[in-house]
Each structure stands twice: as structure tokens, then as C-alpha cells.
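Undergrad:
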Amino acid sequence: MTDIATYNFAYLDEQTKRMIRRAILKGIAIPGYQVPFASREMPMPYGWGTGGVQVTASIIGPDDVLKVIDQGADDTTNAVSIRAFFKKVANVAVTTETATATIIQTRHRIPEHPLNAGQVLVFQVPIPEPLRFLEPRETETRKMHALEEYGLMHVKLYEDIARHGRIATTYAYPVKVEGRYVMDPSPTPKFDNPKMHRSPALQLFGAGREKRIYAVPPLTDVVSLDFEDHPFEVQTFDQPCALCGAENVYLDEVILDDHGGHMFVCSDTDHCEKRREDGHHGHLAAETNLASGKTEPAE
Amino acid sequence: MATPLVVSDVAKSFTMHLRDGVTLPVVAGVSFSIRAGECAVLGGPSGAGKSSILKMLYGNYAVDEGQIIVQHGGGLIDLASASPRTVLSVRRHTIGYVSQFLRTVPRVSALDVVAEPLVERGEDRDSARAKARSLLQQLNLPEKLWALPPATFSGGEQQRVNIARGFITEHPILLLDEPTASLDARNRDVVVELIAAKKAAGVALLGIFHDLDVRDAAADRVIDVTAFAAGKIAA
Amino acid sequence: MTDEPLLRVSALSKFYGSRVGCENVTFDLWPGEVLAVVGESGSGKTTLLNCLSTRLLPSSGTASYRMRDGQWRELYRMSEAERRFLMRTDWGFVHQNPADGLRMTVSAGANVGERLMAVGDRHYGKIRATAVDWLSRVEIDEDRIDDEPRAFSGGMRQRLQIARNLVTGPRLVFMDEPTGGLDVSVQARLLDLLRGLVTDLGLAAIVVTHDLAVARLLSQRMMVMKDGRVVESGLTDRVLDDPRAPYTQLLVSSILQV
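Taken in sequence, the protein lines are chains B, G and U.
Residue numbering for the first sequence is 1 to 299, as defined by my numbering.
Residue numbering for the second sequence is 300 to 534, as defined by my numbering.
Residue numbering for the third sequence is 535 to 792, as defined by my numbering.
As C-alpha cells, this is what we get:
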């Protein structure tokens, strides 16, 4: 404890946390609207989730239980580091279990296990502006949001269909929030878009480098943009998870050897482990034996 | 008898600002009228102002003084002081003009060049084209030319397209600026017939014809423009 | 045929500090009428066009526009949202440089379809069919629909820009030197196309140009500007055939005869 005595609880000073909380509250009050905030330097590089970390740091309390995932996994460098960071600077309990967590910071996935009221999902966002690649001027994109001029968003989808015969955007798929603001759901696969719609959990988005926070309050409409004759569809997989046999989940391809061997497994590692504990098995399950999910209490 | 066009005391001069503002008087005290069913001709030597008078009557030249009263849309308007919008309306509905030269439009067929004034007045394209065909036939323009833009036609062919374009509408007043200049005898006769038909239909015609045969055949009377020479009035 | 104008401009002035952009410009524009604004660079014609299209706010004066519902609205008192909506539905703006009016990195079809999508069209098939139709009206081959305008010639780009503007059936189109920067033969084709579209669609247009031949071919009325002021106005053929103001006489006499 003594070696972190120089840090305030959850790293950020109280003034900064208040400023960020105000931005969050404003974001919740105007679902999907990008609220500018004075993003701080964090002890990690931009691109590692500094936006999400600042949001988490501002809302976390001593009794919270934190889960951090990176592309669905609890055990990648990014997830492990951020989890360790908060364990150290806030001394909170951490977990890999979706159901146990009160705050889940995520990079590019929404857990498969349904979220509940009271849980907060914190997204790390690289580029918050969905119109950015079509309209480079920030002054113009802000005006477009203000005036609800979203024709351009459909131009992007039109281009997809013209080029690929279908809407080929598979991640960062634009959504309209509560019938008003068009929002980038961060680079999550579009597979997860339906989970955002009327989710009982609070969803917060932090972009550290771009200095923007936005939010989707619980039970808010989140509708993926599409055309009448090209409706929104999620990805489907033609085989179940190789480890737990789960269907209708998002799968990652894992390369097994240098000879083209590969398997498709749950991207959500916690979900996969829980299913195997419950006795579900995929066709490659016997060959691997992963550690089960666990919660580490605060010290 | 109706008098759809009355010109009174019209004067016109050009001020040449690029030559120290020197003023060139053209005509003054121009006064005449044309009755419905009559064809009058402006007579006088070159430079007497015949063309300028015709252009003032079409709103193409500004008028310095005087009035040009035209029966238009059930009322009388003064073309000399009318707004551009009124002049455009007069051109569309009341005064037609057959100029000496065809201002060709690239890529538009001869048939459509002729039909265009009718289409502009709201007639449907098919019936306008039918009328255009019959006029071009009457003027002996070879049928193989109808679908071609007139830009490459000979002078006589272009002029016949121009005449057809001018005669196709039912304007109550028709101005003719040497429409027969480059026509052969046979087609000059056709123009005389067309003028006679317009007169019979009650159109008031005013023309400039250098060709004496046509003038004698078509004109009811000659208006001597030398009487309006600007110097005379001033003197 | 209505007897009411579409646009009423009264005593419009724009000053840049003490410098005059345009001063005391007054005119009415009727539906289906094409007005040419001619003058040299710096005469204020582009400033006037930008004020009228609300891209620039004037220093004084008013401009009223008759909306589709027949209501008169003062342009400079409308909210930005209303002005922008007008701009992409009932108005068009054809820039001299097509790159200013097109999205160069999206396909020709999307360039044409954008305005449709902006007003809520959500049927890909219909949007594409409309785009195909408009490309053919501006004489661009259907098989270029998925190409980006970057791959188009200058004349094609300009025609694409015109299609993009006209797809929503605007009643008023602003054009800033629409044929500037094009080869003469390409200019002729574009003018011819514009002339046909304007007549067929009954468009009102305000065309800024320094080229009197363009004014003659496209417009019924014209205004000649010098040093920010209108020095002469009237029927296009009257102004060109019987120019009255010293400056207009200079302009007309400066045309090269071929």
C-alpha cells in the first residue's frame, strides 16, 4: 500500500474525476452525443484504452468488481494490464466473470452473457466520429450531428452494396441512438450491435486521444442503419465453437500449426470456460485445458 | 378592324462611350400602326434604320423615346417601357420574329429547332413536330436533313429552317427581317404563300424585304423610313 | 404559370471592412427564369452569388424566397438548419471546380444518390435506379456508376455535379462559372446539356459567368456588374445587342470575333 500512497484513489485526482463525471452525465442525458472532455495523460500510450480507463477511473468505487476484456478475452496483455492497474491504484476486486462484474471495460466486444441492470459497460473508443472518414472537417461533422444531416452515413453503406453486393461493414457499424444521434459503437463486430439495443446495462464510451465521451443509458433504442432492401444482418458462423460447442456466438479463428490447421473458438473466453464447466464440449475440447474463470478479491 | 401594333414618336440613338460618348442618331418620330390581316413593309435605303425599328419592336434594342403599344394578353402594354419579363411574355405569346440568320444550337435537330417555339408555348412535342414536318415539307427542305442539326446546312437551307421556326406559331404579330434573302424563286413563292396565309388568319405583319418581287407580292403598303431620319426631326 | 417571383432581392450589400463586395443589388427572379450575372474578376458577382445562396451573410439588405408551400421566407432570418435543408432539396449549387461540389472519393452513383439519402430515401434499389437515370440524362455511361469522379475527365465531373444537384428536383440552381476551366468543345456540350435541362425542368437559375457567350446561350436576363454594383440589366439579347452602359459596351466590344 505504501508505494501507491502518492496516487489518489483510481489514479485520477478528484477534480478530474468530477469533470469526467459531468461529461458522462451529459452523455447519458443526450444519448449518443459526443461530449468533449479534457482527456488526461495516462500512464499508458494512446490506443491502449486511455479513454476507457479514464471513464472507469471516474466511476469506480471501492466496492466495485471490475472485469476487463480485450476482443472478448480476459487474458490478453491489454486486459491483464488494465485489470492490474486498477487492482493497484483502486484496490478493487477484479474478476473474469461477466455476471459477477459491476463494471466491464471492453475493447471491441460485448460479452455473450446478457448484462443486467446495474452493470456498466465501458468501451474503449479509438475514433468516436462515425462521419469522420466521409467528412474530414470536425466543424462540418458537428454541424451535421446538430442538424441531424445523416445522409452521408448511408452513402457509406451504399458504397458497400455497390462494391460488394451487400453491406460489407462488419465492425464499427453505425447505429442511431434513441432515434436521434448516429453513433460509432467503437470497433465491436456488428454481431454485437443488437446487444446494445435496449440493454439494461449502462453503456459508456471513452475516446482518450480524441477527447470524447458518449453514452447509451439503459433501455435505450439502438438501431443499426440499413436500407429497406438491404436490411441489417449480423455475422453467422457455419460451425460451432471448437471448444465449447456454442452456437450463435462470435467466434475467433485460431491458427494451430504451420500447415493450415485452425479452429474457430468463442471470442468471449469467459463464456467459453463457463460452458465447458457446465459440461458442453466442442470437437477439439479434449486437447486444451484452460484455467477456469475466477474472482480475485481486493486485498 | 383591330390594330394590334401602334408605334408613336419612337426615337433611337446609339451613344458610343468607347468613342468619347459620341451619339449616333438613328431614327426619331417613328409613328405608324399595323392592322390585323395587313402586311406592311419598311422601305428605305440601307442605314435608314429599318432593322433598328424592327429590333425595337421585338425588344431587342432599347427605345429612347416614344411608345410601342401592343395588344397583349387582353390588354395594351407599352413595349418601350416594359419589364424584361413582360417582353419575354410578349415574345412568347404575341410577337414572332423571323431573323435574317439562324442562331444554331448545337446538337438539336432541324425538326426540333422548328418545333421548339410551340413546345415552349406548352404544345406537346409530337403535335409540334407534326406541324414542323408539314412546314419543312412546304418549304422543300429535303427530308433527309430534318434529323440533322442545321449548323452544317447551306445558307438557303438554314434560312428555310428559320422561316419555318418563325411561321410555326400563331403569334398575332409577326416581324420579318429579310426572310427571303438567300432563297431561290420557288421558295420565295412559298414564303409569299405563307405570308398570305398569315394575313388571312388575321396576323399583323411587318417586314423588311430587299427582294422587290416578294415585296410587291406580299406587302399591302410601304412605310417609308426616310421620313423618320433623326436629322430631319432635329432640324 | 404563377405571377409571383421565386426570389426577391432588395438592396443587398456586402462589405469586407471598407471594401465593397457588392452594393445595393435589387432584382426579382421568377420561376423558370435564368439570370446571368456577368462581370470581370472582382466585380462582386461571386460575392453576390454567395450571399444569395446563403453561403455568405450580407452586410445589409434582404432576400426572400417563396417556399414550395407558397410561404415567403426571408433567407437571412432562417435558421441554419432550414437553410441547409433548402440547399440540399429545393436549391442546387454548381461550383466552377467540380471537386468543390462532389465527393471525390465516393462513386458517381453515391454522389448522385447522396441528396436522396439525405432526405430519407432508404431503398438502395430505387436510389440506384434514380442515379442511373440521372447519369444518362447528363450523358454519363451507366457502366461508370461505380467509378469515383477522380477517374473522370473535367467535363464528366461537371456533368456529374449537375446530376448530383438536380436529382431532388430543385426549383433554383446557383451556378458559378459552370463552364470555366473546360476545353471549348467540352464547354459547348455542357452548355447545350444545361440549356436542355433548364428548359425541360423549368428551373430558375442564377449563373455567374465572365463569358458573354455563356450568358447569351443560357439566360433570358442578365445583370452586368462592375466594382460591386449593377451597371446595367435587362433582357440578355438587349444588353448584348444594344449595350447602354460604358462598361457593358467595353465588355461586348472586347469579345474576340472568330
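We put the CB at the ideal spot given by N, CA and C, even for glycine.
Taking the alpha-carbon positions, what's the G/Ala-534 to U/Arg-772 distance?
TA: Here residue 534 of chain G is taken as the residue at index 235 of the second sequence, counted from 1. Here residue 772 of chain U is taken as the residue at index 238 of the third sequence, counted from 1. Residue placement at G/Ala-534 cannot be trusted, given a pLDDT of 37 that sits under 50; the coordinates are not used to answer.
Undergrad: Residues of the segment 641-658 of chain U in Cβ contact with chain B at a cutoff of 9 Å, in chain order, please.
TA: Here the close residues are Ser-641, Gly-643, Ala-644, Asn-645, Gly-647, Glu-648, Arg-649, Leu-650, Met-651, Ala-652, Val-653, Gly-654, Asp-655, Arg-656, His-657, Tyr-658.
Undergrad: For B/Gln-105, which residues of its own chain have a beta-carbon under 6 Å away from its beta-carbon, when the five flanking residues on both sides are left out?
TA: As a first step, residue 105 of chain B must be located in the first sequence, where it is residue number 105. Counting only Cβ-Cβ distances below 6 Å, and skipping sequence neighbours, we find Gly-52, Thr-56, Val-68, Val-122.
Undergrad: Against chain U, which members of the segment 179-213 of chain B pass a CB distance test of less than 8 Å?
TA: none
Undergrad: Against U/Pro-565, what residues of chain G qualify as contacts under a CB-to-CB distance less than 7 Å, listed in chain order?
TA: Walking along the third sequence from the start, residue 565 of chain U turns up at place 31. Result: empty, since nearest Cβ-Cβ is about 11 Å, beyond 7 Å.
Undergrad: Might you give, ordered along the chain, the residues of its own chain that have their beta carbon closer than 7 Å to the beta carbon of B/Val-89, omitting 5 neighbours on each side?
TA: For the purposes of this step, residue 89 of chain B is taken as residue 89 along the first sequence, with counting starting at 1. Correct list, in chain order: Ile-4, Tyr-7, Ala-10, Tyr-11.
Undergrad: Helix or strand or just coil, what does DSSP make of U/Trp-625?
TA: Indexing the third sequence from 1 puts residue 625 of chain U at position 91. Here U/Trp-625 sits in strand by DSSP.
Undergrad: Quick one, are the C-beta atoms of G/Ser-330 and G/Val-309 less than 9 Å apart?
TA: As a working mapping, residue 330 of chain G is identified with position 31 in the second sequence. As a working mapping, residue 309 of chain G is identified with position 10 in the second sequence. For G/Ser-330 and G/Val-309, yes; Cβs fall inside 9 Å.
Undergrad: Run the CB neighbour count on B/Asn-248, radius 10 Å, all protein chains shown included, and call it buried at 16 or more, exposed below.
TA: Indexing the first sequence from 1 puts residue 248 of chain B at position 248. With a threshold of 16 other beta carbon atoms within 10 Å, B/Asn-248 falls short and is exposed.
Undergrad: Nearest chain B C-beta to U/Asp-680 closer than 9 Å, yes or no?
TA: For this step, residue 680 of chain U is matched to residue 146 along the third sequence. Taking a beta-carbon distance threshold of 9 Å, U/Asp-680 counts as an interface residue toward chain B.
Undergrad: Please list the terminal residues of the continuous beta strand (DSSP E) segment that includes U/Ser-719.
TA: In the third sequence, the residue the question calls residue 719 of chain U occupies position 185. Taken as a continuous stretch (DSSP letters only), U/Ser-719 belongs to no beta strand (DSSP E), being part of the alpha helix (DSSP H) at 718-735.
Undergrad: Should U/Ala-779 be flagged as near chain C, meaning a C-beta pair shorter than 9 Å?
TA: The structure shown has no chain C; the protein chains it does contain are B, G and U.
Undergrad: Tell me the DSSP bridge mates of G/Ala-503?
TA: To locate residue 503 of chain G, count along the second sequence from 1; it is residue 204. Bridge partners of G/Ala-503 according to DSSP: G/Ile-472.
Undergrad: If we call anything under 9 Å between Cβ atoms a contact, is U/Thr-733 one with U/Ala-570?
TA: On the third sequence, residue 733 of chain U is found 199 positions in, with the first residue counted as 1. On the third sequence, residue 570 of chain U is found 36 positions in, with the first residue counted as 1. Their beta carbons are not under 9 Å apart, which means U/Thr-733 does not touch U/Ala-570 by this criterion.
Undergrad: Measure the C-alpha to C-alpha separation of B/Ala-207 and B/Arg-109 and round it to an integer number of angstroms.
TA: Numbered from 1 along the first sequence, position 207 holds the residue referred to as residue 207 of chain B. Numbered from 1 along the first sequence, position 109 holds the residue referred to as residue 109 of chain B. If I take the Cα positions, the gap works out to 16 Å.
Undergrad: From the DSSP output, in three-state form, read off B/Phe-227 for me.
TA: The residue given as residue 227 of chain B occupies position 227 in the first sequence. DSSP places B/Phe-227 in strand when its eight states are reduced to three.
Undergrad: To the nearest angstrom, report how far apart B/Gly-61 and B/Val-92 are at their CA atoms.
TA: Here residue 61 of chain B refers to the residue found at position 61 of the first sequence. Here residue 92 of chain B refers to the residue found at position 92 of the first sequence. Distance between the alpha carbons of B/Gly-61 and B/Val-92: 8 Å.
Undergrad: Could you list which residues in chain U have their beta carbon closer than 9 Å to that of G/Leu-424, in chain order?
TA: Numbered from 1 along the second sequence, position 125 holds the residue referred to as residue 424 of chain G. Per the sequence shown, the amino acid found at residue 424 of chain G is Arg instead of Leu. Simply none; closest approach about 11 Å.
Undergrad: So what's G/Asp-483 in DSSP terms, helix, strand or just coil?
TA: Position 184 of the second sequence, counted from the start, is the residue given in the question as residue 483 of chain G. Coil.
Undergrad: Are the C-beta of U/Ser-787 and some C-beta of chain G separated by less than 9 Å?
TA: In the third sequence, the residue the question calls residue 787 of chain U occupies position 253. Output row for U/Ser-787: interface = yes.
Undergrad: Rounded to whole angstroms, what's the CA-CA distance from G/Asp-377 to G/Ile-368? Just pull it up for me.
TA: For the purposes of this step, residue 377 of chain G is identified with residue 78 of the second sequence, where counting begins at 1. For the purposes of this step, residue 368 of chain G is identified with residue 69 of the second sequence, where counting begins at 1. Distance between the alpha carbons of G/Asp-377 and G/Ile-368: 5 Å.
Undergrad: Does G/Ala-301 come out as helix, strand or coil in the three-state DSSP assignment?
TA: Here residue 301 of chain G refers to the residue found at position 2 when the second sequence is read from its first residue. Coil.
Undergrad: Closer than 7 Å between beta carbons: that is the criterion. Which residues of the segment 445-456 of chain G meet it against chain U?
TA: none
Undergrad: DSSP three-state label for U/Arg-649, please.
TA: Position 115 of the third sequence, counted from the first residue, corresponds to residue 649 of chain U. In the structure shown, U/Arg-649 sits in a helix (DSSP, three-state: H, G or I).
Undergrad: Assuming contact is defined by CB atoms lying nearer than 9 Å, are B/Glu-210 and B/Val-125 in contact in what I supplied?
TA: Walking along the first sequence from the start, residue 210 of chain B turns up at place 210. Walking along the first sequence from the start, residue 125 of chain B turns up at place 125. Yes, Cβ-Cβ distance for B/Glu-210 and B/Val-125 is below 9 Å.
Undergrad: Measuring only the C-alpha atoms, how far is B/Gly-72 from B/His-113?
TA: To locate residue 72 of chain B, count along the first sequence from 1; it is residue 72. To locate residue 113 of chain B, count along the first sequence from 1; it is residue 113. Rounded to whole angstroms, B/Gly-72 to B/His-113 spans 11 Å at the Cα level.
Undergrad: Is B/Glu-97 buried or exposed, if buried means 16 or more other CB atoms sit within 10 Å of its CB?
TA: By one-based count along the first sequence, residue 97 of chain B stands at place 97. B/Glu-97 is buried by the Cβ-count criterion.
Undergrad: Compare the beta carbon distance of G/Val-407 and G/Glu-419 with 9 Å and say whether it is the shorter of the two.
TA: Position 108 of the second sequence, counted from the start, is the residue given in the question as residue 407 of chain G. Position 120 of the second sequence, counted from the start, is the residue given in the question as residue 419 of chain G. Inclusion of G/Val-407 and G/Glu-419 in the CB contact set at 9 Å is not warranted, their separation being larger than that value.
Undergrad: Examine chain U for any beta-carbon lying closer than 9 Å to the beta-carbon of G/Asn-439, and answer yes or no.
TA: As a first step, residue 439 of chain G must be located in the second sequence, where it is residue number 140. So, not an interface residue.
Undergrad: Compare the C-beta of U/Ala-722 against all C-beta atoms of chain G and say whether one is closer than 9 Å.
TA: Taking the first residue of the third sequence as 1, we reach residue 722 of chain U at position 188. Answer yes: the Cβ-Cβ gap between U/Ala-722 and chain G drops below 9 Å somewhere.
Undergrad: Within the chosen definition, does the segment 608-628 of chain U reach the segment 779-787 of chain U through at least 3 CB pairs nearer than 8 Å?
TA: no
Undergrad: Going along the segment 368-395 of chain G in order, which residues come within less than 7 Å of chain U, judged by CB to CB distance?
TA: Pro-383, Arg-384, Val-386, Leu-387
Undergrad: Threshold first: 3 residues or longer. Then list the beta strand (DSSP E) segments lying entirely within the segment 585-624 of chain U, N to C.
TA: 594-600, 606-608
Undergrad: Of the residues that make up the segment 353-365 of chain G, which ones have a beta carbon closer than 8 Å to any beta carbon in chain U?
TA: Lys-354, Gly-358, Asn-359, Tyr-360, Ala-361
Undergrad: Between U/Ile-661 and chain B, is there a C-beta pair that is closer than 9 Å?
TA: Within the third sequence, the letter at position 127 stands for residue 661 of chain U. Closer than 9 Å: yes.
Undergrad: At a Cβ cut of 9 Å, what residues of the segment 614-644 of chain U count as close to chain B, listed as they run along the chain?
TA: Here the close residues are Glu-614, Ala-615, Arg-618, Phe-619, Arg-622, Arg-637, Thr-639, Val-640, Ser-641, Gly-643, Ala-644.
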